[in-house]
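Enquirer: Quick one: this structure, given as structure tokens, is what I'll be asking you about.
Residue numbers (my numbering): -10 to 357.
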């Protein structure tokens, strides 16, 4: 796994990527730091390009330390004071980051130390199996932009990372590779996760209210009990995802694919599901009242006990669906594939609203 060299900005500050000789230069530092344990004052230390493999920084004061191009494999930074540190293009493979406060830290290649940093920015950081449990990755300033992580496959690698209870409000995570990451209970409110790879990720009880997940890959992800109110998942891949008991109130799921997804007991009231593919999905006991399902594919979905009251199902495909176990009062039907005359009659008798085209063919049944 290789990292591309970032575009140069201020060579006097960042310098070039360290050579093997440069790493050997820091071998003595690594040895000495390995003996430092406890609260050591390393404020402002310059460790650019240092090999800090397995170094113990637990409890150390590392405010405004420079770790540009440093190697921190299995490095212990737990409970360290790291506000304002520079981690640009550092390798944090297997680094332990428990209870870390990265407030106002710079992790990007275009940092300007003369500026009042608002964001903790992760660009080009390798976080494979890194643990960020309870880490604070935001600035406390009123105009904070939170964590910005340009994590495209050529820059940042955060596979299998653990982000327990991290605040990523307003984060920019476009095209981020978070496949199989443990993001349980992470706060992603208003974050931009469009086109992100979240395949198989653990997002259980995550807060994604207002987040942009358009065209993201969430196939096989665990989103059970997650808060996705008013989120945008247009065109997202949610095949085989677990969205049971998830709050999707007023969520935009237009043109998304939810084949074999579990939405049992999910709240989809007012959700936008036009042209969404819910084929073979489990919607048992889901609340879809007032949902917009125009042109949606519900073929062979499990709708046992689902609430479709006042929902718009015009032109929705309900082939192979048992609508006798669904609440349909006020729901609108028309041009629906899979509905025969007797089913239309039954729907109308239970309070559903059928347009002119749907009513045709049931006149004789009504006269009986």
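Where is the CB? At the ideal position from N, CA and C, for every residue including glycine.
I'd like the span of the alpha helix (DSSP H) that includes residue 369, first residue to last.
Expert: Only positions -10 to 357 of the chain appear in this structure, which leaves residue 369 out of reach.
Enquirer: Do residue 232 and residue 252 come within 8 angstroms of each other at the CB atom, strictly closer than that value?
Expert: Locating residue 252 in the chain shown gives position 263, counting from the first residue. Locating residue 232 in the chain shown gives position 243, counting from the first residue. Going by C-beta atoms, residue 252 is nearer than 8 angstroms to residue 232.
Enquirer: Closer than 6 angstroms by C-beta to residue 344: which residues in its own chain qualify, once you throw out the five before and the five after it? Chain order, please.
Expert: One-based indexing of the chain shown puts residue 344 at position 355. For residue 344, where only same-chain residues beyond five positions count, the Cβ hits under 6 angstroms are 323.
Enquirer: Pick from 171, 176, 170, 172: whose alpha carbon is nearest that of residue 160?
Expert: Walking along the chain shown from the start, residue 160 turns up at place 171. Closest option to residue 160, Cα to Cα, is 176.
Enquirer: Enumerate in chain order the residues of its own chain whose CB-to-CB distance from residue 257 is below 7 angstroms, with the five nearest sequence positions on each side excluded.
Expert: Taking the first residue of the chain shown as 1, we reach residue 257 at position 268. Here the set comprises 237, 275, 276, 277, 280.
Enquirer: Look at the alpha carbon of residue 136 and the alpha carbon of residue 166, and state the distance between them as a whole number of angstroms.
Expert: Translated into positions along the chain shown, residue 136 becomes position 147. Translated into positions along the chain shown, residue 166 becomes position 177. Because the pLDDT at residue 136 is just 42, under 50, the model does not fix this residue reliably, and the value given afterwards should be weighed accordingly. Approximately 15 angstroms between the Cα atoms of the pair.
Enquirer: Mind checking residue 340: buried by the 16 CB within 10 Å criterion, or exposed?
Expert: For the purposes of this step, residue 340 is identified with residue 351 of the chain shown, where counting begins at 1. By the neighbour-count rule (16 or more Cβ atoms within 10 Å), residue 340 is not buried but exposed.
Enquirer: Can you tell me which residues form a DSSP beta bridge with residue 246?
Expert: Position 257 of the chain shown, counted from the start, is the residue given in the question as residue 246. DSSP lists 226, 266 as partners of residue 246.
Enquirer: Buried or exposed: residue 259, going by 16 or more other Cβ atoms within 10 Å of its Cβ?
Expert: As a first step, residue 259 must be located in the chain shown, where it is residue number 270. Buried.
Enquirer: In chain order, what residues of the same chain lie with their CB nearer than 7 angstroms to the CB of residue 272, ignoring the 5 residues before and after it?
Expert: Here residue 272 refers to the residue found at position 283 of the chain shown. Contacts found: 252, 290, 291, 292, 295.
Enquirer: Between 230, 43, 158, which lies nearest to residue 65 when the distance is taken from Cα to Cα?
Expert: On the chain shown, position 76 is the one that residue 65 refers to. The option with the nearest alpha carbon to residue 65 is 43.
Enquirer: Please classify residue 63 as buried or exposed, where buried requires at least 16 other C-beta atoms within 10 Å of its C-beta.
Expert: Taking the chain shown and counting its residues from 1, the one referred to as residue 63 is at position 74. Exposed, since its Cβ has fewer than 16 Cβ neighbours within 10 Å.
Enquirer: Under a three-way DSSP split, which group does residue 221 fall into?
Expert: Residue mapping note: residue 221 aligns to position 232 of the chain shown, counting from 1. Three-state result, residue 221: strand.
Enquirer: Given this structure, state the Cα-to-Cα distance separating residue 255 from residue 330, to the nearest angstrom.
Expert: Translated into the one-based positions of the chain shown, residue 255 becomes position 266. Translated into the one-based positions of the chain shown, residue 330 becomes position 341. Each residue's alpha carbon lies about 31 angstroms from the other.
Enquirer: Is it true that the CB of residue 212 sits closer than 8 angstroms to the CB of residue 198?
Expert: Here the question's residue 198 lines up with position 209 in the chain shown. Here the question's residue 212 lines up with position 223 in the chain shown. Contact: no.
Enquirer: Rounding to the nearest angstrom, what Cα-Cα distance links residue 39 and residue 55 in this structure?
Expert: Within the chain shown, the letter at position 50 stands for residue 39. Within the chain shown, the letter at position 66 stands for residue 55. Between residue 39 and residue 55, the C-alpha separation is close to 10 angstroms.
Enquirer: Bridge partners for residue 297 per DSSP, in chain order?
Expert: Here residue 297 refers to the residue found at position 308 of the chain shown. According to DSSP, which records beta bridges pairwise, residue 297 is partnered with nothing at all.
Enquirer: May I ask you to report which of helix, strand or coil DSSP gives residue 313?
Expert: Counting from 1 along the chain shown, the entry for residue 313 is found at position 324. Reduced to three states, the DSSP call for residue 313 is helix.
Enquirer: Would DSSP call residue 292 helix, strand or coil?
Expert: To locate residue 292, count along the chain shown from 1; it is residue 303. Residue 292 falls in the coil class under three-state DSSP.
Enquirer: Flag residue 55 as yes if its beta-carbon sits less than 8 angstroms from any beta-carbon of chain C, otherwise no.
Expert: No chain C is part of this structure, which consists of one protein chain only.
Enquirer: Where does residue 252 fall in DSSP's three states?
Expert: Working through the chain shown from its first residue, we reach residue 252 at position 263. In the structure shown, residue 252 sits in coil (DSSP, three-state: anything other than H, G, I, E or B).
Enquirer: Residue 223 to residue 243, Cα distance in whole Å?
Expert: What you label residue 223 is simply residue 234 of the chain shown in a count that begins at 1. What you label residue 243 is simply residue 254 of the chain shown in a count that begins at 1. Approximately 5 angstroms, taken between the alpha carbons.
Enquirer: Confirm, please, whether the CB-CB distance from residue 287 to residue 317 is below 8 angstroms.
Expert: Mapped onto the chain shown, residue 317 falls at position 328. Mapped onto the chain shown, residue 287 falls at position 298. Cβ distance not < 8 angstroms, so residue 317 and residue 287 don't count as in contact.
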